[in-house]
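Contents: one structure, followed by commentary.
Number of protein chains: 2
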Amino acid sequence: MAVKNAMTSEFLHSAYGGESMAHMRYLTWATMAEKEGFPNIAKLFIAIAYAEQVHANNHFNVIAGETQGATVTAGAEFGTGKTVDNLQGAIDGELHEVEQMYPVYLNTAQFQEEKGAERSFHYALEAEKIHADLFKKAQDCAREGKDIELTNVYICPICGHTILDEAPDKCPVCGVKKEMYKEF
Amino acid sequence: MAVKNAMTSEFLHSAYGGESMAHMRYLTWATMAEKEGFPNIAKLFIAIAYAEQVHANNHFNVIAGETQGATVTAGAEFGTGKTVDNLQGAIDGELHEVEQMYPVYLNTAQFQEEKGAERSFHYALEAEKIHADLFKKAQDCAREGKDIELTNVYICPICGHTILDEAPDKCPVCGVKKEMYKEF
Ligand SMILES: [Fe+2]
Ligand SMILES: [Fe+2]
Ligand SMILES: [Fe+2]
Ligand SMILES: [Fe+2]
Ligand SMILES: [Fe+2]
Ligand SMILES: [Fe+2]
Numbered sequence: 001m002a003v004k005n006a007m008t009s010e011f012l013h014s015a016y017g018g019e020s021m022a023h024m025r026y027l028t029w030a031t032m033a034e035k036e037g038f039p040n041i042a043k044l045f046i047a048i049a050y051a052e053q054v055h056a057n058n059h060f061n062v063i064a065g066e067t068q069g070a071t072v073t074a075g076a077e078f079g080t081g082k083t084v085d086n087l088q089g090a091i092d093g094e095l096h097e098v099e100q101m102y103p104v105y106l107n108t109a110q111f112q113e114e115k116g117a118e119r120s121f122h123y124a125l126e127a128e129k130i131h132a133d134l135f136k137k138a139q140d141c142a143r144e145g146k147d148i149e150l151t152n153v154y155i156c157p158i159c160g161h162t163i164l165d166e167a168p169d170k171c172p173v174c175g176v177k178k179e180m181y182k183e184f
Numbered sequence: 001m002a003v004k005n006a007m008t009s010e011f012l013h014s015a016y017g018g019e020s021m022a023h024m025r026y027l028t029w030a031t032m033a034e035k036e037g038f039p040n041i042a043k044l045f046i047a048i049a050y051a052e053q054v055h056a057n058n059h060f061n062v063i064a065g066e067t068q069g070a071t072v073t074a075g076a077e078f079g080t081g082k083t084v085d086n087l088q089g090a091i092d093g094e095l096h097e098v099e100q101m102y103p104v105y106l107n108t109a110q111f112q113e114e115k116g117a118e119r120s121f122h123y124a125l126e127a128e129k130i131h132a133d134l135f136k137k138a139q140d141c142a143r144e145g146k147d148i149e150l151t152n153v154y155i156c157p158i159c160g161h162t163i164l165d166e167a168p169d170k171c172p173v174c175g176v177k178k179e180m181y182k183e184f
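Here the protein sequences line up with chains Z and C, keeping their order. Just so you know, UniProt numbering puts 178 at position 178 of the first sequence, and the rest follows in order with no gaps. Just so you know, UniProt numbering puts 142 at position 142 of the second sequence, and the rest follows in order with no gaps.
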């Protein structure tokens with residue numbers, strides 16, 4: 001196995017489960033936002049769903065190793081309310097990751113000297129901070145019955161860094177070039 | 001909550017977690033199959049990832065209810081070997097769902113008279129049987145260093161029914177019309 005320590009491995013598995021479910025519910029909530037007349041909030045959900053896919057894929061590749069099954073325990077948000085409620089679920093999930101989950105996972109990876117996990121958790125933590133802010137902005141708009149104003153959303157395919165309207169020359173988190181960003 | 005019974009609710013949450021992780025790993029394994037020179041096996045992974053998204057989305061919508069967090073425990077497969085190994089992970093996961101998980105979940109939903117969950121578990125169970133067979137066929141090819149032969153893969157967007165080369169006039173599982181099938 002690419003990871004030597006059981007605790008870091010367990011946290012990678014849990015983070016993989018959490019990111020996979022976040023990816024999935026953002027796609028579901030995007031469909032609901034579209035139907036409710038918020039195409040830009042739908043676009044934001046779809047773009048951030050891709051960022052969560054980047055995180056899940058990174059964790060999966062750090063776990064690496066032989067083909068084997070595992071039981072995964074992870075947090076997720078549920079609910080099929082209005083978009084303003086779904087955005088609250090998104091904010092709650094992101095804030096849990098920013099304030100509790102990823103700081104502890106990152107601290108553990110550093111403590112256990114697991115370099116791959118450290119990078120994967122760091123990438124996710126930095127993106128989730130931005131996701132929490134963007135979902136709060138979207139919710140402020142939805143509360144007033146308005147869509148969020150944006151042209152495109154750009155996602156770094158290496159670390160999930162997320163930015164509105166224009167990609168930076170270099171990703172501030174992982175350093176990848178502007179041309180690599182995926183546009184939504 | 002749309003589901004009255006705690007056990008059926010727990011099984012829906014677990015199935016949602018399992019399907020979300022299956023969706024995610026099939027996308028990862030698709031990228032690996034593409035790199036290994038198996039574009040049709042990659043296409044099969046991508047199409048079946050969409051079927052798992054349909055299942056996850058169905059379970060999520062049966063859970064429905066208010067915005068709230070939950071801790072989810074679910075099975076998943078891991079591994080970053082060659083495509084022939086990744087397909088073994090896919091087969092193991094699908095067979096667990098076909099032989100153990102979904103029959104018990106479906107039986108419980110019937111026992112607890114949870115109609116929405118019964119339909120959602122039934123749809124998934126029927127699709128997973130086909131997935132297990134298709135992944136076995138793909139693995140037989142990969143073992144000989146060959147790609148699987150197929151033109152397109154068709155997925156029913158309502159139940160996840162999966163079929164190669166041509167969609168049926170009506171979905172044999174949920175009855176949806178041919179035109180609704182998503183082509184990969
Ligand atoms: Fe994430
Ligand atoms: Fe996020
Ligand atoms: Fe980046
Ligand atoms: Fe499924
Ligand atoms: Fe399946
Ligand atoms: Fe169907």
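Cβ atoms here follow ideal geometry from the backbone N, Cα and C, with glycine treated the same way.
Residues that residue i contacts on chain Z, provided the C-beta gap is smaller than 7 Å
| i | result |
| --- | --- |
| residue 56(C) | 24 |
| residue 64(C) | 80 |
| residue 101(C) | Under the 7 Å cutoff, chain Z gives no residues; its nearest Cβ is about 12 Å from residue 101(C). |
| residue 180(C) | Those within 7 Å of residue 180(C) in chain Z number zero; the least Cβ separation is about 15 Å. |
When the options are compared against residue i, the one with the closest alpha-carbon
| i | options | result |
| --- | --- | --- |
| residue 56(C) | 184(C), 164(C) and 160(C) | 160(C) |
| residue 69(C) | 97(Z), 69(Z) and 130(Z) | 97(Z) |
| residue 14(Z) | 89(C), 78(C) and 184(C) | 78(C) |
| residue 183(Z) | 115(Z), 28(Z), 175(Z) and 157(Z) | 157(Z) |
| residue 81(C) | 67(Z), 87(Z), 90(Z) and 82(Z) | 67(Z) |
| residue 6(Z) | 114(Z), 27(Z), 86(Z) and 181(Z) | 114(Z) |
| residue 134(C) | 103(C), 42(C) and 72(C) | 42(C) |
| residue 12(C) | 28(C), 60(C), 4(C) and 24(C) | 60(C) |
| residue 132(C) | 16(C), 24(C) and 99(C) | 99(C) |
| residue 3(Z) | 120(Z), 164(Z) and 179(Z) | 120(Z) |
| residue 139(Z) | 92(Z), 87(Z) and 32(Z) | 87(Z) |
| residue 58(C) | 10(Z), 122(Z), 168(Z) and 24(Z) | 24(Z) |
| residue 143(C) | 83(C), 118(C) and 90(C) | 83(C) |
| residue 32(C) | 9(Z), 31(Z), 64(Z) and 16(Z) | 64(Z) |
| residue 9(Z) | 164(Z), 27(Z), 30(Z) and 62(Z) | 62(Z) |
| residue 162(Z) | 137(Z), 28(Z) and 130(Z) | 130(Z) |
| residue 93(C) | 168(C), 71(C), 128(C) and 116(C) | 128(C) |
Under 9 Å by beta carbon: chain A residues contacting residue i
| i | result |
| --- | --- |
| residue 69(C) | No chain A is part of this structure, whose protein chains are labelled Z and C. |
Residues near residue i by beta carbon distance below 6 Å, same chain, minus five either side
| i | result |
| --- | --- |
| residue 126(C) | 173 |
| residue 76(C) | 21 |
| residue 89(Z) | 77 and 79 |
| residue 30(C) | 42, 45 and 46 |
| residue 16(Z) | 56, 59 and 60 |
| residue 124(Z) | 55 and 102 |
| residue 72(Z) | 13 and 17 |
Proximal residues of chain Z, C-beta to C-beta of residue i below 9 Å
| i | result |
| --- | --- |
| residue 120(C) | In chain order: nothing, as chain Z lies at least about 14 Å away. |
| residue 61(C) | 28 and 80 |
Chain-ordered chain Z contacts of residue i [CB-CB under 8 Å]
| i | result |
| --- | --- |
| residue 53(C) | 24 and 27 |
| residue 104(C) | Neighbours of residue 104(C) on chain Z: none; closest Cβ ~16 Å, over 8 Å. |
| residue 123(C) | Correct list: empty, because the minimum Cβ distance to chain Z is about 16 Å. |
Under 8 Å from the C-beta of residue i: neighbouring residues of chain C
| i | result |
| --- | --- |
| residue 176(Z) | Neighbours of residue 176(Z) on chain C: none; closest Cβ ~17 Å, over 8 Å. |
| residue 145(Z) | Here the premise fails: no neighbours, minimum Cβ distance about 19 Å. |
| residue 85(Z) | 66 and 67 |
| residue 37(Z) | Ordered by position in chain C, no residue passes the 8 Å Cβ test against residue 37(Z), which lies about 20 Å from the chain. |
Own chain partners of residue i with C-beta closer than 7 Å, once the 5 adjacent residues on each side are dropped
| i | result |
| --- | --- |
| residue 223(C) | This structure does not reach residue 223(C), given that chain C is present from 1 up to 184, and the question cannot be answered. |
| residue 141(Z) | 147 and 148 |
| residue 74(Z) | 14, 17, 18 and 21 |
| residue 91(C) | 132, 135, 136 and 139 |
| residue 122(Z) | 106 |
| residue 95(C) | 132 |
| residue 168(Z) | 178 |
| residue 181(C) | 154, 155, 156 and 167 |
Under 7 Å from the C-beta of residue i: neighbouring residues of chain C
| i | result |
| --- | --- |
| residue 173(Z) | Neighbours of residue 173(Z) on chain C: none; closest Cβ ~21 Å, over 7 Å. |
| residue 153(Z) | What residue 153(Z) touches in chain C: nothing, since even the nearest Cβ is about 19 Å away. |
Where residue i meets chain C, residues with beta-carbon distance less than 9 Å
| i | result |
| --- | --- |
| residue 5(Z) | Per Cβ cutoff of 9 Å: no residues; residue 5(Z) is ~16 Å from chain C at best. |
| residue 116(Z) | In chain order: nothing, as chain C lies at least about 12 Å away. |
| residue 160(Z) | By Cβ distance, chain C contributes nothing, its closest Cβ being about 14 Å from residue 160(Z), past 9 Å. |
Other residues of its chain near residue i: CB distance less than 8 Å, five sequence neighbours each side excluded
| i | result |
| --- | --- |
| residue 85(C) | 79 |
| residue 164(Z) | 134, 150, 151, 152, 153 and 154 |
| residue 118(C) | 106, 109 and 110 |
| residue 218(Z) | Nothing in the structure corresponds to residue 218(Z), since chain Z is present only between 1 and 184. |
Proximity test, residue i beta-carbon vs ligand 7 heavy atom, cut-off 7 Å
| i | result |
| --- | --- |
| residue 48(C) | Only ligand 1, ligand 2, ligand 3, ligand 4, ligand 5 and ligand 6 can be found as ligands here, which leaves ligand 7 out of the picture. |
Contact between the stretch 96-116 of chain C and the stretch 38-53 of chain C (3+ Cβ pairs under 8 Å): no
Cβ contact (3+ pairs, closer than 8 Å) linking the stretch 152-167 of chain Z and the stretch 37-49 of chain Z: yes
Stretch pair the stretch 28-43 of chain Z + the stretch 138-148 of chain Z: three plus CB contacts closer than 8 Å: yes
Meets three-Cβ-pair contact criterion under 8 Å: the stretch 13-20 of chain Z and the stretch 12-22 of chain C: yes
Alpha helix (DSSP H) segments (min. 4 residues) lying fully within the UniProt domain "Ferritin-like diiron" (2-146) of chain C: 6-35, 39-63, 83-96, 102-111 and 115-143
Entirely enclosed beta strand (DSSP E) segments - the UniProt domain "Rubredoxin-like" (151-184) of chain C, minimum 3 residues: 153-155 and 162-164
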